[in-house]
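*Asks:*
In the working numbering, the protein residues as written are 605 to 701.
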């Protein structure tokens, strides 16, 4: 980490972490399984989270925090990319909190 910090502010840095086997939606601490999972640090870190879908469909949930106009542009590009990959059709659902 020290070496990464020494690179300086002029170099844009990012990190990636995660696991596809954590099973967040399968954890039950006695109150039932979660209905929705959120990564609360995203608004401070300007990060992106990717996790398995909670509905068991095999899909993914993508969490991203941007200001209004940036979110609108991101959503437009993201939906178009899904259409391009899916041959013009998607099973996507975009929701805002």
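All residues carry an ideal CB built from backbone N, CA and C; glycine is no exception.
Taking buried to mean at least 16 other C-beta atoms within 10 Å of its own C-beta, is residue 685 buried or exposed?
*Replies:* Locating residue 685 in the chain shown gives position 81, counting from the first residue. So residue 685 ends up on the exposed side.
*Asks:* Report the three-state DSSP secondary structure of residue 645 (helix, strand or coil).
*Replies:* Position 41 of the chain shown, counting from 1, holds the residue named residue 645. Coil.
*Asks:* With DSSP run on the structure shown, which of helix, strand or coil describes residue 667?
*Replies:* As a first step, residue 667 is located in the chain shown; it is residue number 63 there, counting from the start. In the structure shown, residue 667 sits in a strand (DSSP, three-state: E or B).
*Asks:* Compute the Euclidean distance between the alpha carbons of residue 668 and residue 637, then round it to the nearest angstrom.
*Replies:* Residue mapping note: residue 668 aligns to position 64 of the chain shown, counting from 1. Residue mapping note: residue 637 aligns to position 33 of the chain shown, counting from 1. Taking the straight line from one Cα to the other gives about 23 Å.
*Asks:* If residue 658 and residue 675 are in contact, beta carbons under 8 Å, what's the gap, nearest whole angstrom?
*Replies:* Position 54 of the chain shown, counting from 1, holds the residue named residue 658. Position 71 of the chain shown, counting from 1, holds the residue named residue 675. Contact flag wrong, Cβ pair sits at about 22 Å.
*Asks:* From residue 672 to residue 626, what distance separates their C-alpha atoms?
*Replies:* Here residue 672 is taken as the residue at index 68 of the chain shown, counted from 1. Here residue 626 is taken as the residue at index 22 of the chain shown, counted from 1. So the alpha carbons of these two residues sit roughly 31 Å apart.
*Asks:* On the criterion of 16 or more Cβ atoms from any shown chain inside 10 Å, does residue 665 qualify as buried, or is it exposed?
*Replies:* In the chain shown, residue 665 corresponds to position 61, counting from 1. Residue 665 should be labelled buried.
*Asks:* Are the CB atoms of residue 678 and residue 670 nearer to each other than 8 Å?
*Replies:* Within the chain shown, numbered from 1, the residue matching residue 678 stands at position 74. Within the chain shown, numbered from 1, the residue matching residue 670 stands at position 66. Yes. Within cutoff.
*Asks:* Between residue 610 and residue 650, what straight-line distance do the alpha-carbon atoms span, to the nearest angstrom?
*Replies:* In the chain shown, the residue the question calls residue 610 occupies position 6. In the chain shown, the residue the question calls residue 650 occupies position 46. Rounded to whole angstroms, residue 610 to residue 650 spans 21 Å at the Cα level.
*Asks:* Quick one: Cα of residue 645 to Cα of residue 654, how far?
*Replies:* Your numbering for residue 645 matches position 41 in the chain shown. Your numbering for residue 654 matches position 50 in the chain shown. So the alpha carbons of these two residues sit roughly 13 Å apart.
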